[in-house]
Amino acid sequence: MPSLRSMEWDEPVWKALCASVTLIPPFVRKRALGKIISACEKNAIERSSGKVETADVLKSVNENVPESVRKVCLETLAEHGMDISTAI
Amino acid sequence: MNHPKQVHKNVPSPILVSFGITRQCDLKCPHCYSDSKDKDPQELTFDEAARVIDDIAGLGARIVILDGGEPTLRPDFVDLIKYAAKQGLRTVAGSHGMGITAEFAARLKQAGCRGVAISLDGADARTHDSWRGVEGAWSKTIEGAKNCAAAGLAFQFAPLLHAGNCRQLGDIIALAKQNKSDAVEIFDYVPTGRGKGKTDHELDTEQRRQLIETVIERQRQNDMIYRVIALPQYWVMVEKTVPEDEILLKFVRSCCAAGTRYITILPNGDVIPCMVLQVKLGNVREKSLKDIWNHSPLLATLRNRDLLKGKCGKCSYKLTCAGARCKAYEKTGDMMAEDPTCWFTEEETRAKG
Chain G
-19 MPSLRSMEWD EPVWKALCAS VTLIPPFVRK RALGKIISAC EKNAIERSSG
31 KVETADVLKS VNENVPESVR KVCLETLAEH GMDISTAI
Chain C
166 MNHPKQVHKN VPSPILVSFG ITRQCDLKCP HCYSDSKDKD PQELTFDEAA
216 RVIDDIAGLG ARIVILDGGE PTLRPDFVDL IKYAAKQGLR TVAGSHGMGI
266 TAEFAARLKQ AGCRGVAISL DGADARTHDS WRGVEGAWSK TIEGAKNCAA
316 AGLAFQFAPL LHAGNCRQLG DIIALAKQNK SDAVEIFDYV PTGRGKGKTD
366 HELDTEQRRQ LIETVIERQR QNDMIYRVIA LPQYWVMVEK TVPEDEILLK
416 FVRSCCAAGT RYITILPNGD VIPCMVLQVK LGNVREKSLK DIWNHSPLLA
466 TLRNRDLLKG KCGKCSYKLT CAGARCKAYE KTGDMMAEDP TCWFTEEETR
516 AKG
């Protein structure tokens, strides 16, 4: 299976996103997942960074995760040590 | 109706709330977590139950499961489904399925029910009926499932695996596929409720490993959604054996969510962290659910994974597994003790990967 990531990620941030994304119901997850990851990477590039970090993920989750599960996803990111105060 | 959403700082909303609306049941299962049989004289009225549903919605929960006992035996069950759905909750039911006629399935769907979890503890009538204590139960349960499918009402089979039926898991899954089940939610037997002390029914380590390996193999085929309940080592095995990208695409995270993302309300209003972690947190007649969720010292303890003891406290998977708190409690009386059924060595759980 080809990797879902195409650039470097801050590893704890990636782990937190994984934990968060697996809470999204599978029938919407597959479509959402590609969008979330590519938006995270695009956000990092727009910051002129070669590495995806917390801010990139928060922006992507806010814009790409279905509204019905967004709050749960953000809370899960927080459980995994991410500072989500700028996202809510 | 709009409800103010959960705002208490640092306390995430529950994802799922289980609301047992009656203790009435016409089966005689030896494991029954709620020890259900007759109607509880203290059962919440419709108005009280509606207030609880308001609170659940106000907490920001996504899903409420109305179960019991057997919820279809409560005369206002469909009205409660309708009420919960109107509050914007994804409303599902937990039932033995025996009372779900074609007409009833259609009523449930029309009321806003989004799905039914149907208990099925055997791939054949003999196994299921002997455990459930009523001859003919299996046939009626299968009929109920078929009626759900025909009505376009999503359903999942929810087998409880114990020492006497664990070899049938593959056949139960086959039955689920044959009947167009949307998911299979597998429960590991926990000796609590009516099953308290009945440890002979528990799976042993090898059976638990086998269960997990079977589910992982099936989920990798991605033919259905599988969840594993009361066996959080499932997720440790997933993380250890499945490539990360495949986990992201196919697997549903399953860990001990008792009191962290999940809570149970009993028919008399008592609130406990989970149906199999029976530690009373309060009663909704005395305190609001929101107050209990946000301020219970027991829940604060349960949510603090740094307070986990023994092997669980040292485990590098403690955020995603945390051990089955119910099993720790049943064995030791301490819900933060190590999960006595965990088979991983400290070396195996020291570093992820």
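Read top to bottom, the protein sequences are chains G and C.
Under my numbering, the residue at position 31 of the first sequence is numbered 11, and the numbers go up by one with no gaps.
Position in the second sequence counted from 1, then plus 165, gives you my numbering.
C-beta: ideal position from N, C-alpha, C; glycine also.
Legend entry - 7 Å Cβ shell around residue 428 of chain C - same chain, five flanking residues per side excluded: On the second sequence, position 263 is the one that residue 428 of chain C refers to. The answer, listed in chain order, is 179, 182, 436, 438, 458.
Legend entry - Rounded straight-line distance, which links the Cα of residue -5 of chain G to that of residue 501 of chain C: Reading the second sequence from its first residue, position 336 is the one you call residue 501 of chain C. Reading the first sequence from its first residue, position 15 is the one you call residue -5 of chain G. A straight line joining the alpha-carbon of residue 501 of chain C with that of residue -5 of chain G spans about 25 Å.
Legend entry - Distance between residue 59 of chain G and residue 380 of chain C (C-alpha atoms, nearest Å): Numbered from its first residue, the second sequence carries residue 380 of chain C at position 215. Numbered from its first residue, the first sequence carries residue 59 of chain G at position 79. Cα to Cα, residue 380 of chain C sits roughly 27 Å from residue 59 of chain G.
Inset, instruction - Determine the direct distance from the alpha carbon of residue 222 of chain C to that of residue 242 of chain C, and round the result to whole angstroms. - result: Taking the second sequence and counting its residues from 1, the one referred to as residue 242 of chain C is at position 77. Taking the second sequence and counting its residues from 1, the one referred to as residue 222 of chain C is at position 57. Roughly 18 Å separates the two Cα atoms.
Legend entry - Spatial distance of residue 170 of chain C from residue 224 of chain C (CA atoms): As a working note, residue 170 of chain C is residue 5 in the second sequence. As a working note, residue 224 of chain C is residue 59 in the second sequence. Residue confidence for residue 170 of chain C is low, a pLDDT of 43 falling below 50, so the modelled location carries little weight; the figure read from the coordinates is stated next. Their backbone Cα atoms lie some 6 Å apart in a straight line.
Legend entry - Beta carbon of residue 377 of chain C nearer than 7 Å to that of residue 348 of chain C: On the second sequence, position 212 is the one that residue 377 of chain C refers to. On the second sequence, position 183 is the one that residue 348 of chain C refers to. In this structure, residue 377 of chain C lies away from residue 348 of chain C, with their beta-carbon atoms at least 7 Å apart.
Inset, instruction - Give me the Cα-Cα distance between residue 284 of chain C and residue 199 of chain C, rounded to the nearest whole angstrom. - result: Against the second sequence, residue 284 of chain C aligns to sequence position 119. Against the second sequence, residue 199 of chain C aligns to sequence position 34. The alpha-carbon atoms of residue 284 of chain C and residue 199 of chain C are separated by roughly 14 Å.
Legend entry - Cβ-heavy atom distance, residue 395 of chain C to the ligand ADP, below 6 Å: In the structure shown, the ligand ADP is absent, as is every other ligand, since no ligand is present at all.
Legend entry - Where the beta strand (DSSP E) containing residue 283 of chain C begins and where it ends: Walking along the second sequence from the start, residue 283 of chain C turns up at place 118. Taken as a continuous stretch (DSSP letters only), the beta strand (DSSP E) holding residue 283 of chain C covers 278 to 284.
Inset, instruction - Tell whether a beta-carbon distance below 7 Å holds between residue 227 of chain C and residue 187 of chain C. - result: For this step, residue 227 of chain C is matched to residue 62 along the second sequence. For this step, residue 187 of chain C is matched to residue 22 along the second sequence. Inclusion of residue 227 of chain C and residue 187 of chain C in the CB contact set at 7 Å is not warranted, their separation being larger than that value.
Legend entry - Neighbour flag for residue 347 of chain C against chain G, beta carbons, 7 Å: For this step, residue 347 of chain C is matched to residue 182 along the second sequence. Not an interface residue.
Inset, instruction - Assess, as a yes-or-no matter, whether the segment 402 to 414 of chain C is touched by the segment 24 to 35 of chain G under the definition of 3 or more beta carbon pairs within less than 8 Å. - result: Remark: fewer than three beta-carbon pairs, one from each stretch, lie closer than 8 Å, so the segment 24 to 35 of chain G and the segment 402 to 414 of chain C are not flagged as touching.
Inset, instruction - For residue 430 of chain C, decide whether its Cβ has a neighbour in chain A, counting only Cβ atoms nearer than 7 Å. - result: Structure shown: chain A not included; protein chains present are G and C.
Legend entry - Extent of the continuous alpha helix (DSSP H) to which residue 371 of chain C belongs: For the purposes of this step, residue 371 of chain C is taken as the residue at position 206 of the second sequence. Unbroken alpha helix (DSSP H) run through residue 371 of chain C: 370 to 386.
Inset, instruction - Give every residue of the same chain whose Cβ lies closer than 6 Å to the Cβ of residue 449 of chain C, excluding the five residues on either side of it in the sequence, and list them in chain order. - result: Locating residue 449 of chain C in the second sequence gives position 284, where the first residue counts as 1. Result list for residue 449 of chain C: 217, 434, in chain order.
Inset, instruction - Can you give me the Cβ contacts of residue 447 of chain C inside the same chain, cut-off strictly under 7 Å, excluding the 5 residues immediately before and after it? - result: Taking the first residue of the second sequence as position 1, residue 447 of chain C is located at position 282. 436, 457, 461.
Inset, instruction - Ignore the nearest five residues each way along the sequence and tell me which others in residue 421 of chain C's own chain have a CB closer than 6 Å to its CB. - result: Working through the second sequence from its first residue, we reach residue 421 of chain C at position 256. Residues of the same chain with a CB within less than 6 Å of the CB of residue 421 of chain C, apart from the 5 flanking positions on each side, are 397, 487, 489, 490 in chain order.
Legend entry - Contact check, residue 208 of chain C vs residue 505 of chain C, beta carbons under 7 Å: Within the second sequence, the letter at position 43 stands for residue 208 of chain C. Within the second sequence, the letter at position 340 stands for residue 505 of chain C. Not a contact, by the Cβ cut-off of 7 Å.
Legend entry - Backbone CA spacing between residue 3 of chain G and residue 46 of chain G [nearest angstrom]: Here residue 3 of chain G corresponds to residue number 23 of the first sequence, with the count starting at 1. Here residue 46 of chain G corresponds to residue number 66 of the first sequence, with the count starting at 1. Cα-Cα distance, rounded: 12 Å.
Inset, instruction - Measuring only between beta-carbons, confirm whether residue 2 of chain G sits less than 7 Å from chain C. - result: What you label residue 2 of chain G is simply residue 22 of the first sequence in a count that begins at 1. Chain C, which has a Cβ nearer than 7 Å to the Cβ of residue 2 of chain G, makes this yes.
Legend entry - For residue 168 of chain C, the three-state DSSP class (helix, strand or coil): Position 3 of the second sequence, counting from 1, holds the residue named residue 168 of chain C. Note that residue 168 of chain C has pLDDT 40, beneath the 50 cutoff, so the model's placement of it is unreliable and no number is given.
Inset, instruction - Identify whether residue 357 of chain C lies in helix, strand or coil by the three-state DSSP scheme. - result: Sequence index remark: in the second sequence, residue 357 of chain C carries index 192 (1-based). Coil, per DSSP.
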